[in-house]
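A.B. asks: For what it's worth, our numbering labels the leading residue of the sequence shown as -16, then goes sequentially. Quick reminder that beta carbons are idealized off the backbone N, C-alpha and C, glycines included.
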Amino acid sequence: MKFCHLLEKQSAGNERYTSLFLFYKKMKKSLKLVPAANTDGPADGDEFAAAEDVFVDAVIEEIGVLGRLRATTQANSASQLAHLKSVVEDGDCGELEGRQQVYQDLVNFHGETLLLLHWSILAYTAIVKLLKKHQKRTGTLLQAPHLRDMLAEESWSTEPPTALIATAAALISQVDHELYSSSGSAPSPDSVRHSSNSPTSR
-16 MKFCHLLEKQ
-6 SAGNERYTSL
4 FLFYKKMKKS
14 LKLVPAANTD
24 GPADGDEFAA
34 AEDVFVDAVI
44 EEIGVLGRLR
54 ATTQANSASQ
64 LAHLKSVVED
74 GDCGELEGRQ
84 QVYQDLVNFH
94 GETLLLLHWS
104 ILAYTAIVKL
114 LKKHQKRTGT
124 LLQAPHLRDM
134 LAEESWSTEP
144 PTALIATAAA
154 LISQVDHELY
164 SSSGSAPSPD
174 SVRHSSNSPT
184 SR
């Protein structure tokens, strides 16, 4: 499956993936406006320089939008996990039903953060693919120091979401242990996971 088709498939019903798909599609069209290399060597000249500047500006602007979306989502996730962690560590879960709800919230958070990590990897892959397409088309590397600085920022690192996932997994194990140790008849993880959908929970 081609990468663009993969992004399109992932974008169904997901705003973050839709933004990524539209970014990749837009930048591919923008790249086609940059003069291609000829048999004599890499593309050059005033026409190429002007088109190259337009493409670089567009790439930097669009990557900035993606970066801000990623940073905002990551910050919200960190805040949400901090709250859940405080509830678990302060013993504010309450009775069995409260601990079950916290367990469910942590499981949901873990899944959402895995999606964020997956999105981040796809976003970085999309940028790398665009840079390779540019080099293949023009015969030259994209000269954009600011772009390298942007991609070196912490918001593009996979370490923060990976750390959130690890912390959430540890909290899930902790609450799971509390659920089992609190009562010999405590529900299984699967039943807890689906408890919010049972008729008695409505």
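DSSP three-state call for Asn59: helix, strand or coil?
C.D. replies: Helix.
A.B. asks: How long is the line joining the alpha carbons of Thr1 and Asp88, rounded to whole angstroms?
C.D. replies: Taking the straight line joining both Cα atoms gives about 25 Å.
A.B. asks: Tell me Asn91's beta-bridge partners as DSSP assigns them.
C.D. replies: Looking at the DSSP assignment, Asn91 forms no beta bridge with any residue, so it has no partner.
A.B. asks: What beta strand (DSSP E) runs, 3 residues minimum, are completely inside the stretch -4 to 49?
C.D. replies: With a minimum length of 3 residues, no continuous beta strand (DSSP E) run stays inside the stretch -4 to 49.
A.B. asks: So the alpha helix (DSSP H) Leu125 belongs to, where does it begin and stop?
C.D. replies: Looking at the DSSP string, Leu125 is not in any alpha helix (DSSP H), and its letter there is neither H nor E.
A.B. asks: Can you tell me whether DSSP reads Ala153 as helix, strand or coil?
C.D. replies: Looking at Ala153 - three-state DSSP - the assignment turns out to be helix.
A.B. asks: Hey, Thr100 and Ile46 are a contact pair by Cβ (cut 8 Å); roughly how many whole angstroms apart?
C.D. replies: Per the sequence presented here, residue 100 reads as Leu, with Thr not at that position. That belief does not hold up - the Cβ atoms of Leu100 and Ile46 are roughly 18 Å apart, past 8 Å.
A.B. asks: When you compare the stretch 58 to 71 with the stretch 112 to 125, are there three or more beta-carbon pairs, one atom per stretch, that lie closer than 8 Å?
C.D. replies: Short answer: they don't touch.
A.B. asks: Looking at the structure shown, is Ser103 part of a helix, part of a strand, or coil, going by DSSP?
C.D. replies: If DSSP states are grouped into helix, strand and coil, Ser103 belongs with the helices.
A.B. asks: Can you give me the start and stop residues for the alpha helix (DSSP H) that Glu136 sits inside?
C.D. replies: Premise fails: Glu136 is in no alpha helix (DSSP H) and is neither H nor E.
A.B. asks: Can you list, in chain order, the residues of its chain whose CB lies under 8 Å from that of His93, leaving out five sequence neighbours each side?
C.D. replies: Taken in chain order, the residues that qualify are Ile148, Ala151, Ala152 and Ile155.
A.B. asks: Which class does Lys112 belong to by DSSP, given the choice of helix, strand or coil?
C.D. replies: Note: Lys112 maps to helix in three-state DSSP.
A.B. asks: To the nearest angstrom, how far is the alpha carbon of Lys15 from that of Leu134?
C.D. replies: Their backbone Cα atoms lie some 23 Å apart in a straight line.
A.B. asks: Would you check if the distance between the CB atom of Ala34 and the CB atom of Val17 is smaller than 8 Å?
C.D. replies: Result yes, Cβ atoms of Ala34 and Val17 sit closer than 8 Å.
A.B. asks: May I have the straight-line CA-CA distance separating Pro144 from Phe31, to the nearest angstrom?
C.D. replies: Each residue's Cα considered, the two are about 39 Å apart.
A.B. asks: Suppose the cutoff is 6 Å on Cβ atoms and the five residues either side in sequence are ignored; what does the same chain contact list for Ala127 look like?
C.D. replies: Result list for Ala127: Val39, in chain order.
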